[in-house]
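Chemist: Residue numbers (our numbering), protein chains in the order written: chain A, 1 to 153; chain B, 154 to 306.
This is the structure I have questions about; it appears just below.
Number of protein chains: 2
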Amino acid sequence: MTPTTRPPVPDAELLRLDHQVCFSLHAASRAFGSVYRDALKDLGLTYPQYLVMLVLWEHGSQPVKAIGEQLRLDSGTLSPLLKRLEAAGLVRRERSTEDERSVTIHLTADGDDLREQALPVPRRMLAATGLTIDELRTLRGLLGRVTSALDEA
Amino acid sequence: MTPTTRPPVPDAELLRLDHQVCFSLHAASRAFGSVYRDALKDLGLTYPQYLVMLVLWEHGSQPVKAIGEQLRLDSGTLSPLLKRLEAAGLVRRERSTEDERSVTIHLTADGDDLREQALPVPRRMLAATGLTIDELRTLRGLLGRVTSALDEA
DNA sequence: AGCGATTTAGTTGTGCGCAACTGAGTTGCT
DNA sequence: AGCAACTCAGTTGCGCACAACTAAATCGCT
Chain A
1 MTPTTRPPVP
11 DAELLRLDHQ
21 VCFSLHAASR
31 AFGSVYRDAL
41 KDLGLTYPQY
51 LVMLVLWEHG
61 SQPVKAIGEQ
71 LRLDSGTLSP
81 LLKRLEAAGL
91 VRRERSTEDE
101 RSVTIHLTAD
111 GDDLREQALP
121 VPRRMLAATG
131 LTIDELRTLR
141 GLLGRVTSAL
151 DEA
Chain B
154 MTPTTRPPVP
164 DAELLRLDHQ
174 VCFSLHAASR
184 AFGSVYRDAL
194 KDLGLTYPQY
204 LVMLVLWEHG
214 SQPVKAIGEQ
224 LRLDSGTLSP
234 LLKRLEAAGL
244 VRRERSTEDE
254 RSVTIHLTAD
264 GDDLREQALP
274 VPRRMLAATG
284 LTIDELRTLR
294 GLLGRVTSAL
304 DEA
């Protein structure tokens, strides 16, 4: 639309907006990380470790690859992270018998028990954001679209 | 509102929503990082280094502390990052004479020249997000509010 | 059956992010 | 003036993220 006329928003503002959005995202992500760090320190988990545990709590034992797809993480990140979860006694690694390339991650009893302790965490986080439900939904929607679009490029 | 009645959104959905928002944020931030990495590799800058250069391009020479406040980064992150920028010849460090605790960061001629090369980057990023101007503004607003709220906690 | 391409996890190396700490310099209080 | 509290930059140590690579297993094609 308006192909031959000036865009309604001047270039300079577009550029500033881009920087602000990217920077806001960066800052917001780190702010979340900081609050999660605090909420999770009693559990002895980092935020990425918590994400892995969530996947296991929700869907049960899974190969490394499946976890990586859900969290958008590769083996270079997951392998050492899972090693630390194993060292903490929360998780067990088992090489698959029918496909020996694959390693399945299982929860240990301790890992399963930890779920109980983790239950209040999301509510605490939710409150800390200070957003309404509708705003959260809008945010989630926009972020999802951005991520999909960026993954194309 | 509706103080004694059931909330209109069930608990379970709240929790899922929180996870989705936090996770989306994490994923979106990394997706941005990935596209920036690509857009910036010709300049030899990482995304955080680019953010520091933006601050210097826009506001000129500044002490480390001021840069950290604008980018929400501490000296543990900035000191080595600035060292790398200095090693790349983009930046010069100068201990302040009137307050010898403070180190002022100056752009070198090369660092100033790089601005020219960086000009097309934001437009490219903007296009890659696939969002409209209004959506970007909404996103920026929500992210800013989340970050402020989280910084309180 | 044989062999090249692909898949899966893991390793290595670099940089970011942050907590905890250090050390030099400054400020404020008495 | 003197000294405790604070400020600022830097260092150390750990974990995450990712590119590039390796090694082993599987798949697919002929």
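Every residue, glycine too, gets a C-beta built ideally from N, C-alpha and C.
All values derive from a computational prediction rather than experimental measurement.
Terminal residues of the continuous alpha helix (DSSP H) containing ARG72(A)?
Modeler: Here residue 72(A) is taken as the residue at index 72 of the first sequence, counted from 1. Looking at the DSSP string, ARG72(A) is not in any alpha helix (DSSP H), and its letter there is neither H nor E.
Chemist: Which complete alpha helix (DSSP H) runs does the stretch 43-110 of chain A hold, if anything under 4 residues is left out?
Modeler: Correct list: 47-59, 64-71, 75-87.
Chemist: Rounded to whole angstroms, how far is the Cβ of ASP274(B) from the Cβ of LEU193(B), which I believe are closer than 8 Å?
Modeler: Along the second sequence, one-based indexing puts residue 274(B) at 121. Along the second sequence, one-based indexing puts residue 193(B) at 40. Before going further, note that residue 274(B) is Val rather than Asp in the sequence given. Confirmed, about 7 Å.
Chemist: Can you have a look at HIS19(A) and say buried or exposed, based on whether 16 or more other CB atoms are within 10 angstroms of its CB?
Modeler: In the first sequence, counting from the first residue as 1, residue 19(A) sits at position 19. Label assigned to HIS19(A): buried.
Chemist: Whose C-alpha, out of PRO201(B), LEU260(B), CYS175(B), ASP227(B), is nearest the C-alpha of LYS218(B)?
Modeler: Counted from its first residue, the second sequence places residue 218(B) at position 65. That would be ASP227(B), whose Cα lies nearest to the Cα of LYS218(B).
Chemist: Counting only C-beta atoms, is HIS172(B) closer than 9 Å to chain A at any point?
Modeler: Along the second sequence, one-based indexing puts residue 172(B) at 19. At least one chain A Cβ lies under 9 Å of HIS172(B).
Chemist: Within 10 angstroms of the Cβ of LEU95(A), are there 16 or more other Cβ atoms? Answer buried if so, exposed if not.
Modeler: Translated into the one-based positions of the first sequence, residue 95(A) becomes position 95. This sequence places Arg at residue 95(A); Leu is not what is there. Exposed: under 16 other Cβ atoms inside 10 Å.
Chemist: State yes or no: is the C-beta of VAL188(B) within less than 9 Å of the C-beta of ALA153(A)?
Modeler: Along the second sequence, read from residue 1 onward, the residue named residue 188(B) stands at position 35. Along the first sequence, read from residue 1 onward, the residue named residue 153(A) stands at position 153. Cβ distance < 9 Å, so VAL188(B) and ALA153(A) count as in contact.
Chemist: Quick one: what does DSSP say LYS41(A) is sitting in, helix, strand or coil?
Modeler: Residue mapping note: residue 41(A) aligns to position 41 of the first sequence, counting from 1. Three-state result, LYS41(A): helix.
Chemist: Closest by CA to HIS212(B), which one among LEU196(B), ASP252(B), ARG298(B), THR257(B)?
Modeler: Position 59 of the second sequence, counting from 1, holds the residue named residue 212(B). Ranking the options by Cα distance to HIS212(B), first place goes to THR257(B).
Chemist: Can you name, in chain order, every residue of its own chain whose Cβ lies under 7 Å from the Cβ of LEU238(B), other than the five neighbours on each side?
Modeler: Sequence index remark: in the second sequence, residue 238(B) carries index 85 (1-based). Excluding positions up to five away in sequence, the list reads GLN202, VAL205, VAL244.
Chemist: Which chain A residues sit within Cβ distance under 7 Å of GLU222(B)?
Modeler: As a first step, residue 222(B) is located in the second sequence; it is residue number 69 there, counting from the start. Those within 7 Å of GLU222(B) in chain A number zero; the least Cβ separation is about 12 Å.
Chemist: Please work out which residues of its chain come closer than 6 Å, Cβ to Cβ, to VAL55(A), disregarding the five sequence neighbours upstream and downstream, and give them in chain order.
Modeler: Taking the first sequence and counting its residues from 1, one reaches residue 55(A) at position 55. Cβ within range, chain order: ILE67, GLN70.
Chemist: Return the chain-ordered list of same chain residues with a C-beta closer than 6 Å to the C-beta of LEU279(B), the five sequence neighbours on each side being excluded.
Modeler: Residue 279(B) sits at position 126 when you count from the first residue of the second sequence. Counting only Cβ-Cβ distances below 6 Å, and skipping sequence neighbours, we find nothing.
Chemist: Does the beta carbon of ARG137(A) sit closer than 9 Å to a beta carbon anywhere in chain B?
Modeler: Position 137 of the first sequence, counted from the first residue, corresponds to residue 137(A). Yes, because at least one Cβ of chain B sits closer than 9 Å to the Cβ of ARG137(A).
Chemist: Do LEU107(A) and SER79(A) have their beta-carbon atoms positioned less than 9 Å apart in this structure?
Modeler: Sequence index remark: in the first sequence, residue 79(A) carries index 79 (1-based). Sequence index remark: in the first sequence, residue 107(A) carries index 107 (1-based). Taking 9 Å as the Cβ cut-off, SER79(A) and LEU107(A) do not qualify as a contacting pair.
Chemist: Please list, in chain order, the residues of the stretch 28-46 of chain A that have any C-beta partner in chain B closer than 9 Å.
Modeler: The stretch 28-46 of chain A vs chain B, Cβ under 9 Å: ALA28, SER29, ARG30, ALA31, PHE32, GLY33, SER34, VAL35, TYR36, ASP38.
Chemist: Evaluate SER301(B) with the Cβ neighbour count: other Cβ atoms within 10 Å of its Cβ, from every protein chain shown; 16 or more gives buried, anything less gives exposed.
Modeler: Your numbering for residue 301(B) matches position 148 in the second sequence. By the neighbour-count rule (16 or more Cβ atoms within 10 Å), SER301(B) is not buried but exposed.
Chemist: What does PRO275(B) touch in chain A if you count any residue whose Cβ is under 8 Å from its own?
Modeler: As a first step, residue 275(B) is located in the second sequence; it is residue number 122 there, counting from the start. Those are LEU14, LEU15, ASP18, HIS19, listed as they occur along chain A.
Chemist: Quick check on DSSP: helix, strand or coil for ALA184(B)?
Modeler: Residue 184(B) sits at position 31 when you count from the first residue of the second sequence. Residue state, collapsed to three classes: helix.
Chemist: What's the gap between the Cα of PHE23(A) and the Cα of TYR200(B)?
Modeler: On the first sequence, position 23 is the one that residue 23(A) refers to. On the second sequence, position 47 is the one that residue 200(B) refers to. Looking at the two C-alpha atoms, the distance is approximately 10 Å.
Chemist: Out of ASP110(A), ALA109(A), ARG93(A), which has the shortest C-alpha to C-alpha gap to SER102(A)?
Modeler: Position 102 of the first sequence, counted from the first residue, corresponds to residue 102(A). Among ASP110(A), ALA109(A), ARG93(A), the Cα nearest to that of SER102(A) is on ARG93(A).
Chemist: Taking CB distances under 9 Å as the criterion, tell me whether THR147(A) reaches chain B.
Modeler: Position 147 of the first sequence, counted from the start, is the residue given in the question as residue 147(A). Judged by the 9 Å Cβ criterion, THR147(A) is in contact with chain B.
Chemist: Could you check if ARG37(A) is buried or exposed, using at least 16 other CB atoms within 10 Å of its CB as the buried criterion?
Modeler: Locating residue 37(A) in the first sequence gives position 37, where the first residue counts as 1. So ARG37(A) ends up on the exposed side.
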